[in-house]
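J.:
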């Protein structure tokens with residue numbers, strides 16, 4: 006999808022977060038998108054779902070608690086700290102524009118796992134300005150295009166929006182970001198959980214984020230299918 010087509014989708018996500026999050030019984034709005042049969046979906050094309058729950062999903066809850074603890078100790082946002090560290094290091098950056106940055110985190114569990122984060126400290130997608138919405142559409146389009154161009158396939162992934170809970174608390178400590186988890190390590194090789202991971206609970210990433218970030222940086226931003234048409 007071209008960027009102008011993605012912008013209305015982003016605005017729809019904003020509306021969904023506001024509308025569902027304003028329901029008194031909803032404490033968390035989870036937006037996610039799946040693509041590809043290998044991630045266990047019936048529709049292989051990209052499709053989005055939105056959950057409104059009366060509880061906060063455990064990953065978000067842990068992030069909230071970590072952010073609160075970090076802010077209490079250091080008087081700043083843990084996500085902003087990670088963002089600044091990635092910008093300064095530079096080796097794990099994938100793409101950036103004026104208002105957003107995409108990188109493979111040093112703690113990545115998957116080979117091509119990417120985090121997209123706004124530079125401004127906002128708690129949810131609903132707080133993105135008009136220009137930030139356009140830049141978010143741009144960076145999302147670019148990262149997903151680079152994914153497809155890596156192996157010239159419809160790259161499978163699970164994309165999750167990490168947003169502040171809607172439980173009535175302000176959650177100023179939280180920082181909206183998107184995590185994309187692709188299961189592929191190579192064109193025909195999936196990331197499976199092995200014995201130490203299932204039995205021990207620690208995820209092992211057999212690749213380095215610096216190496217994979219470089220691969221994504223070097224991947225073209227023009228989709229390979231469009232090149233074939235040309």
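Numbering (the working numbering), first residue to last: 6 to 235.
All C-beta atoms in this analysis are idealised placements derived from N, C-alpha and C, irrespective of residue type, glycine included.
As the structure is a computational prediction, the values presented were derived from the model and not from experiment.
1) In this structure, does DSSP put residue 35 in helix, strand or coil?
2) Tell me the rounded alpha-carbon separation between residue 199 and residue 134.
3) Please go through the stretch 65-108 and give each complete alpha helix (DSSP H) segment of 4 or more residues, from N-terminal end onward.
4) In the DSSP assignment, what are the bridge partners of residue 166?
5) I'd like to check one pair, residue 185 with residue 164: are the Cβ atoms closer than 8 Å?
6) Residue 34 to residue 57, Cα distance in whole Å?
7) Which residue spans inside the stretch 105-149 form an unbroken alpha helix (DSSP H) run of at least 4?
8) What first and last residue would you give for the alpha helix (DSSP H) that runs through residue 10?
9) Say yes only if the C-beta of residue 168 is nearer than 7 Å to one or more non-hydrogen atoms of the ligand ZN, and no if none qualify.
10) By DSSP's criteria, residue 52 is part of a beta bridge. Which residues make up the other side?
11) For residue 157, write down the residues that DSSP places opposite it in a beta bridge.
12) In the DSSP assignment, what are the bridge partners of residue 57?
13) Counting C-beta neighbours from all protein chains within 10 Å, is the total for residue 150 16 or more, i.e. buried, or is it exposed?
T.: With the given structure in hand:
1) Walking along the chain shown from the start, residue 35 turns up at place 30. Strand at residue 35.
2) Translated into positions along the chain shown, residue 199 becomes position 194. Translated into positions along the chain shown, residue 134 becomes position 129. Distance between the alpha carbons of residue 199 and residue 134: 43 Å.
3) 83-94
4) Walking along the chain shown from the start, residue 166 turns up at place 161. Beta-bridge pairing links residue 166 to 183.
5) Position 159 of the chain shown, counted from the start, is the residue given in the question as residue 164. Position 180 of the chain shown, counted from the start, is the residue given in the question as residue 185. It is a contact, given that the beta carbons lie within the stated cut-off.
6) Locating residue 34 in the chain shown gives position 29, counting from the first residue. Locating residue 57 in the chain shown gives position 52, counting from the first residue. Cα-Cα distance, rounded: 5 Å.
7) none
8) On the chain shown, position 5 is the one that residue 10 refers to. First-last of the alpha helix (DSSP H) with residue 10: 8-26.
9) Among the components of this structure there are no ligands whatsoever, and the ligand ZN is therefore not found.
10) In the chain shown, the residue the question calls residue 52 occupies position 47. Bridge partners of residue 52: 39.
11) The residue you call residue 157 lines up with position 152 of the chain shown. Note: residue 157 sits in no beta bridge, so no partner.
12) The residue you call residue 57 lines up with position 52 of the chain shown. 34, per the DSSP bridge assignment.
13) Residue mapping note: residue 150 aligns to position 145 of the chain shown, counting from 1. Label assigned to residue 150: buried.
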